[in-house]
Structures are given as C-alpha cells and as structure tokens.
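Undergrad:
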Amino acid sequence: MRKKSVTVIGLGPMGRAMVTAFLDSGHPVTVWNRTRSRADGLVAKGAVLADDPAGAVSAGEIVVLSLTDYDAMYAILGPATGALTGKTLVNLSSDTPDKAREAAAWAAGHGAYYLTGGVQAAPDGIGKEESFTFYSGPKSVFESSREVLEVLTRTDYRGEDPGLAALYYQLQLGVFWTASVAFLHALAVADAHGIKAAELVPYLSDTMATMPDFFGFYGPRIDAGEHPGDVDRLSMGVASVDHVVRTSEDVGVDPSLVAAVLAVFERGIAAGHAEDSFTSLIETFRKPGS
42 MRKKSVTVIG LGPMGRAMVT AFLDSGHPVT VWNRTRSRAD GLVAKGAVLA DDPAGAVSAG
102 EIVVLSLTDY DAMYAILGPA TGALTGKTLV NLSSDTPDKA REAAAWAAGH GAYYLTGGVQ
162 AAPDGIGKEE SFTFYSGPKS VFESSREVLE VLTRTDYRGE DPGLAALYYQ LQLGVFWTAS
222 VAFLHALAVA DAHGIKAAEL VPYLSDTMAT MPDFFGFYGP RIDAGEHPGD VDRLSMGVAS
282 VDHVVRTSED VGVDPSLVAA VLAVFERGIA AGHAEDSFTS LIETFRKPGS
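Residue 308 in the working numbering sits at position 267 of the sequence shown, with consecutive numbering throughout.
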C-alpha cells in the first residue's frame, strides 16, 4: 500500500522525533525549518528539505506543524496560502482553544482541511505505544489521516470542535505544571532542612500514585454538585495548608505558591463552605452565574 507523503514544519526536538518516526514507517517526508541546519541529520536519513514553506506544503498530502504557537504558523504559512488548497493541515503546536478555532477557520478559508492536535508525550515518547495525542476537527478528516497520525502516537479523537483538542491539552498541562512546581517547592523546603531530593522523591512519588483514586472518588461528586464534609472538611484543609505556608516561611523558602493555595481555601471559608469538602472550592473558580 502506498504511504502518504508527509510534510513536517518545525524541527525542534518534537518535530525531529516525528520526522524520524515517519521515515522509519516508510512515509516520504519533506521538512522545513527556519534554521536549515536542523534538518541535516534528517536529510541524511532520507527526508527532503524544502526551499521554502510553500514548497514544503506543496510536497505533502498531510502537513504537520510542530511550532511554538499559532502565531508562528501564521508567520510561516501566511506567504504560502496558495499552496494550502486540498491539503490536510495538522497543527500540533500549543495554544488556546479559541486560537485553534480561529486557525481552523483561517485554514478553511484557504481551502485546507484542518485538525488540532495536543501531543501527550515528550519527544522520546513519539512512536511508543503508551503515548497518545488528542485530536479534534472534522471526523472525516481525522479518519482519513488516522493511519498516518498513529505512526506518531495513539490517537484520541475528542470531537468536531477544533478547540477541544487544545482544551484537553491545556487542562492536562495545568495539572502537570502546577504539580511540577509544587514538587520543586517541596524539594526547596526539604533542602533547607538538609534533606536531598533522592531521599524525598520516593515519598512524593507515593503521594502522586494515590491521585488517580483521589480523582476517581471526588469526580462523580463534583459532577453531581455535591460537596459533603463526610470525608474531609474545608476548615481542616485551610489549617493544613496554613501549616505548609508557615513551614516554608520558617526556613526562608518562598511561600508564594502555597500561599496562593491558602488564599483559595480562605475564599472558600469566607463563602460559607467551612463544613463542606475541599471540592467546594470549585465554586471559587467558576465564572459567576455559571
């Protein structure tokens, strides 16, 4: 069976990993990057380096974008819109759901088919079974591209709205980066007490391993709008977070991260949720009237 031709624009670590996966799978691959030297190793493996973005787009049936954000897409493809007609444009760059919807309309206006993607893997996870990518956009476009996209990772189609893949991606990142910064804060407090990361990490890992059960227990209650204080109470939670803040301050570690968490807890108390579960804090995040 003939392998579809693929173009990859953007040759950072993720883009280079994607090109390698496509080449290893037998796809003809054309590449383009502002810094041309990044393509040298890929050309040695069999990729073709286009002279310009228009040439890159023209060469591929499926055009994959691996860029910093959507502004980079417009800057690169703006002069190449004449080549977009009939192409499938798969944007794996990071940006907001609204930006994804705007980009889908822009692409359609130039005759292209458009999918938004959110890769849930580091570059070394490309081509591995455990990795996956969120996709959204027209179902027919996704289905016609699925076999090619699954060279990179498993696919998780979220729906026709082109903003959905970006939304799911950003929701994952919000949890990931918040937890990662909390990890660094914990290590800073530990280090101030002479405790090295290697000693603390196993305990922090055990805590994180409980989170799926934690989410699984509270998720249905949140969906039902129920926040009973039968398992935990916000009044106990605010005291606990306050202790973390003061523990940080006692050793001169910046408490701003946990202080922000404490402020959210205190808003929940002020709103009358002292005897409710900490999950009642979701009301402090929601848009008024929603």
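Cβ coordinates follow ideal geometry from the N, Cα and C atoms, glycine included.
Fair warning: this is a prediction, and the values are worked out from it, not measured in the lab.
Report all residues from its chain with a CB closer than 6 Å to the CB of A153; omit the five preceding and five following residues, and keep chain order.
TA: Taken in chain order, the residues that qualify are L125, K128 and L130.
Undergrad: Do W73 and P94 have their CB atoms nearer than 7 Å?
TA: yes
Undergrad: For the structure I just gave you, are there three or more beta carbon pairs, one from the region 209-224 and one from the region 268-284, closer than 8 Å?
TA: no
Undergrad: Counting pairs of Cβ atoms below 8 Å between the region 91-108 and the region 43-59, do you hit three or more?
TA: yes
Undergrad: Are G358 and P253 close, meaning C-beta to C-beta below 7 Å?
TA: Residue 358 cannot be examined here, being either before or after the span of the chain that is shown, 42 to 331.
Undergrad: Flag this pair as touching only if the region 260-275 and the region 288-298 have three or more C-beta atom pairs under 8 Å; answer yes or no.
TA: no
Undergrad: May I ask which residues mark the beginning and end of the alpha helix (DSSP H) holding R187?
TA: K180 to L190
Undergrad: Does the beta-carbon of A140 have 16 or more other beta-carbons within 10 angstroms, so that it is buried, or is it exposed?
TA: For the record, residue 140 in the displayed sequence is Lys; it is not Ala. Buried, because 16 or more other Cβ atoms sit within 10 Å of the Cβ of K140.
Undergrad: Helix, strand or coil for R327, going by three-state DSSP, please let me know.
TA: coil
Undergrad: If you follow the beta strand (DSSP E) that G166 is in, where does it begin and where does it stop?
TA: Segment: none, G166 is in no beta strand (DSSP E) and carries neither H nor E.
Undergrad: I need the straight-line Cα distance from V70 to P164, nearest angstrom please.
TA: 18 Å
Undergrad: Please say whether S66 and V332 have beta carbons closer to each other than 7 Å?
TA: Given a span of 42 to 331 for the chain in the structure shown, any question on residue 332 remains unanswerable.
Undergrad: Of the choices D136, V98, A85 and A100, whose alpha-carbon is the least far from that of A12?
TA: The question about residue 12 has no answer here: the residues shown for the chain are numbered 42 through 331.
Undergrad: Where do the ends of the beta strand (DSSP E) carrying S362 lie?
TA: Lying before the first or after the last residue shown, residue 362 is absent from the chain, which here runs from 42 to 331.
Undergrad: Determine contact between the region 298-306 and the region 274-281, defined as no fewer than three beta-carbon pairs at a distance below 8 Å.
TA: Note that the region 298-306 touches the region 274-281; at least 3 beta-carbon pairs, one per stretch, sit closer than 8 Å.
Undergrad: Who are R195's beta bridge partners in DSSP?
TA: Residue pairing of R195 in beta bridges, as defined by DSSP: F173.
Undergrad: In angstroms with no decimal places, state the Cα-to-Cα distance between L2 and Y115.
TA: The structure shown does not extend to residue 2, since the chain is modelled only from 42 through 331, so no value can be given for it.
Undergrad: Distance check for L322 and I263, CA to CA, integer angstroms please.
TA: 10 Å
Undergrad: On the three-state DSSP scale, how would you describe N320?
TA: Checking the sequence, you will find Thr at residue 320 rather than Asn. Note: T320 maps to helix in three-state DSSP.
Undergrad: Suppose the cutoff is 8 Å on Cβ atoms and the five residues either side in sequence are ignored; what does the same chain contact list for E316 look like?
TA: G270, R274, L275 and S276
Undergrad: Taking Cβ positions, are A301 and I167 nearer each other than 7 Å?
TA: no
Undergrad: Could you round the C-beta distance between L64 and K86 to whole angstroms and report it? I think they count as a contact, below 8 Å.
TA: 5 Å
Undergrad: For V189, I'd like the list of residues in its chain whose CB is within less than 6 Å of its CB, leaving aside the five on either flank, ordered along the chain.
TA: K45 and I103
Undergrad: Express the C-alpha separation of N132 and D110 in angstroms, rounding to a whole number.
TA: 9 Å
Undergrad: What span of residues does the beta strand (DSSP E) with I263 cover, start to end?
TA: Premise fails: I263 lies in the alpha helix (DSSP H), M252 to D264, not in any beta strand (DSSP E).
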